[in-house]
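Protein chains in written order, with the UniProt record's numbering: chain L, 1 to 332; chain H, 1 to 331; chain S, 1 to 498. For every residue, glycine included, the Cβ atom is placed at its ideal position computed from N, Cα and C.
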């Protein structure tokens, strides 16, 4: 019998410090860039590294990190997955949040429920079109962007009213003792997403589906269900993220979140999530969000006009792409 | 005659032509003077930029790429032309610099995608930001103007009866025919279907990819010049919506997102279809706040409809799937 | 001086030897048949000559000079052309566009010379009897015509060495005649031709000589006049026929007459044929045949990969409408194409192991360490990426993924492709054990020797041979020999040309 043969004792387990070092390794570039940018900012504009400013940076990073939830999950799901509609969905979430809640705390649960419902519908439409009609995710979510923007405009008649309910404002800019609520939210999200990805059946299946769809089908995994669920989660994260954005800014404007589509993709790439799918962590994307927000803040601090900021964002993304994600050469 | 009929029916752009005719009939009931020369002329004035940018996108799509930067290029070219003119440059030289800017973004795309092998989607997403950022930098707020003579010329007829915008369309179509007449045209279709087989056949695929993005940048710049004739002013965000519309028009015109099938006329028809649909929205006086939603839904339905039609065709058409897989274990 | 010469060519993929010390030479104008069973190395040899594969060792000489190419296009420039069953045609282009793609005729420097292109294409199309197909898209051509166009494409490149890899397998009889005439014409012009084929009648009617390959080695080369069909078949199969003959141990398989899996008149779409199979509990069924005769189609259709099927499993009538359903009902599928259909290469060993058990079936976690150890998988720790393991160990993990869920039927499609001999033996052992525990094992293999090795030592086993989408022969007990498999697999004269 084969039982006796070849049972080679596996090599000794690596020591626990080495394990920890290995686990942290992917985050070292982001962490060092964060430190470098903080120092650079402080040098260029004294006061940049003050607690107050860092608190602001963390808050905006949390908003971006919420957009990155959608982007991370969809990119992990593979098959050229990408969500260009996340910025529009967040803007709509903020606008509808203001209008539906009429700026009152009492209406908040009703508002949240409606926004979850809308998120589910958008995610289902995206997912079905992509998975069953074979529309490339890029094109579908680009198309969805204009529908969602159009819907937000039509619903609010271009004049968003209501404002942010107090509870959202508290979340957006308030503190719990010395700590900003947004920091707490960010940490909670990181822990929750990492748990979902590592411990739940959905998360484990998502990695497999993203790694190799054909192997997943052959293994009897319901690939369609997993992908649909991913797009739904992404859109719900978007609509609810809009509420957080509303709380942070305090009022809603049309297309206020549109930059988050590009930024969230950049955050995911910086976070080391492979664009071919099947790999990546949410912690990486969250750190990537901090890097990008810091970078923008440094640019603002040194007085760069908005146009230059956008231009530099593009060049930096291009650079990141050149480093992290080249396609294989043609010659085999 | 019979072969002509068969060819017409099998033409990939035929369904979009039918869509145009159907929508034209509907529009003719709802829009007064729809078939008049002046209406056609004003239609072309408004939608020529869309028609041209759809052509630009088609070059890239045929080679199995995508160019998201076309919108950014349009904004950039528009503000460069307006700004330079405002600083006292002669209008033609301002146009020349604008077109050069479009070509430069195209070259950037071509290098990053062709030679450095970054996926088109992300590469052009990044260059969109570069172009749009540059536009915003040059002109933070809408404003400026171009010579009134240019606007008048663009919105009038040449040789008496030919709407000027047609001139722009004809120039872009000429570029297409030059492509088609060179080996690159053939190699483009071949690359779009199977890049590896094409490479093995000795085709310099990297250069073909490069040329498609440069052409796309150049033609998008032409679209921007036309657009500037229509608006008569500068706006750093004016190109934003064109990226989606260009992709949608091409898809509605049966240009395959998987590369290798379709042609530029499909993209033209797709763009005209969208133009007709948008005019209909205005004509039936949908409240202005609902117009974006309606046009977004139309675009999305167009994409879904075209994809569904293709899926059905794939399922029922007689394809050589009966070739036995001798080489391996394909499913 | 020979036109082309190979000296001591070797090529291994991982630990699998594809070609070992192969030497032969080809004279000007010679038409040489290369004959060999599945996996004998003849296709690898063709790819080496065509520049697509780099040999590990050995030298190639063309016209007396060293032949060193790094890509197919370099080989093409030297007029060494391959035309193969893996068509190089682009289906969205017309016939003539495909024909001229390697060198498009130009007018001036820049433009395509459409007239020259048409002229060039029509001349060659007329020669192969396809004049009427000028201007037709390749995707609208039936398979046989596509193969002819592929052949014509190679002719237009004016070969001095032409390697023809199985191109005649899809041709009709009259096309084969045209093909033969053209090959003779080429040889009269001095072109050296390597003709890889299974079809004896073609080999005997056009070839001057024949090289026999087996297990990656060149056995010998003969003038065609010195051999006959029986001798060649004999040489192909001159194995040590005792392989697997020794029944290693008496496995304690209960003789069972209970039919566990039954399929009736299942349609194989690609062939338009219907096939049936009854498999008894504890049975190991090997499926043999030349490549692409429907073996893969059969097992994949059975598993629900080609749409809806009806099967009877464990006394239950089942409508299988998805793979998910197959898996829930206790079917398992092991593909030899690990890269595409087996491993989740960037994920860990542990996750790969749980893919079916926890993700598809939502069951409690497996005892991973026991499973991996019992199959002798060599690994550092289960959280390392599976792609760091050797091919054989990867495949064992994929097998363990399935056996850990106790499947009723294990379907394996060429599961040991590209893994070493040791691991191959282990896999066979695992299959035997699985059958002994009451499951059915159905295995397709392109390696006849392997099928004999798997099935011969087992009591409840048989080999079914497929040809053109049908089961043409069943071998049991003492009849299970490589010779019998090959002679049942080869096309008979009556079948050639359909």
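Select from the segment 63-79 of chain S all residues with a C-beta closer than 7 Å to any C-beta belonging to chain H, and list them in chain order. 72, 73, 76
Own chain, CB closer than 6 Å to residue 48(S), minus 5 neighbours either side, in chain order: 55
Can you tell me the Cα-Cα spacing of residue 106(H) and residue 98(S), whole angstroms? 29 Å
For residue 119(L), tell me which candidate among 228(L), 312(L), 308(L) has the shortest Cα-Cα distance. 228(L)
Pairwise C-alpha distance: residue 271(H) and residue 42(H): 15 Å
Just how far apart, CA to CA, sit residue 284(S) and residue 259(S)? 13 Å
Suppose you measure from the CA of residue 318(S) to the CA of residue 149(S); what does that come to, to the nearest Å? 44 Å
Secondary structure of residue 64(L), DSSP reduced to three states: helix
Any C-beta of chain S under 9 Å from that of residue 209(H): no
Using a cut-off of 9 Å between C-beta atoms, extract the partners of residue 106(S) located in chain H. 182, 183
Neighbour flag for residue 390(S) against chain L, beta carbons, 9 Å: no
Assuming residue 433(S) is part of the alpha helix (DSSP H), what are its boundary residues? 421-436
Taking all protein chains shown into account, do 16 or more other C-beta atoms lie within 10 angstroms of the C-beta of residue 393(S), making it buried, or fewer, making it exposed? buried
Close Cβ partners of residue 262(H) (< 8 Å) along its chain, the five nearest in sequence each way excluded: 12, 13, 58, 61, 62, 250, 253, 254, 255, 256
Per DSSP, the bridge partner or partners of residue 222(S): 210(S)
Starting from the beta carbon of residue 157(L), find every residue of chain H whose beta carbon is closer than 7 Å, and list them in chain order. 289
Quick check on residue 351(S): buried or exposed, where buried means 16 or more other Cβ atoms within 10 Å of its Cβ? buried
If I measure Cβ to Cβ from residue 303(S) and keep anything under 7 Å in the same chain, skipping five residues before and after, which residues do I get? 323, 326, 331, 333, 411
Would you kindly check if the distance between the Cβ of residue 419(S) and the Cβ of residue 391(S) is under 9 Å? yes
Report the partner residues of residue 319(S) according to the DSSP bridge assignment. 310(S)
Partners in chain S for residue 221(L), counting only beta-carbon separations shorter than 9 Å: 323, 324, 327, 355, 356, 359, 360
Simplified DSSP state of residue 32(S), which is helix, strand or coil: strand
Does the beta-carbon of residue 287(H) have 16 or more other beta-carbons within 10 angstroms, so that it is buried, or is it exposed? exposed
Which partner residues does residue 83(S) have in the DSSP bridge list? 164(S)
Touching or not, the segment 118-136 of chain H and the segment 189-198 of chain H, by the rule of three or more beta carbon pairs under 8 Å? no
Hey, how far is the Cα of residue 211(H) from the Cα of residue 110(H)? 7 Å
9 Å Cβ cutoff met for residue 176(S) and residue 202(S): yes
Suppose only complete runs of 3+ residues qualify. What are the beta strand (DSSP E) ranges in the segment 158-201 of chain L, listed by chain order? none
Going along chain S, which residues have a C-beta under 9 Å from residue 279(L)? 346, 347
Please classify residue 422(S) as buried or exposed, where buried requires at least 16 other C-beta atoms within 10 Å of its C-beta. exposed
Chain S beta carbons: is any one of them nearer than 9 Å to that of residue 191(L)? no
Using DSSP with H/G/I as helix, E/B as strand and the rest coil, what is residue 144(L)? helix
Just checking: is the beta-carbon of residue 309(L) within a distance shorter than 9 Å of some beta-carbon in chain H? yes
Taking the alpha carbon of residue 87(L) as the reference point, which residue from 277(L), 257(L), 317(L) has its own alpha carbon closest? 257(L)
Cβ of residue 145(L) within 9 Å of any chain H Cβ: yes
Just the chain L side, please: which residues come within less than 8 Å of residue 437(S) by C-beta, in chain order? In chain order: nothing, as chain L lies at least about 12 Å away.
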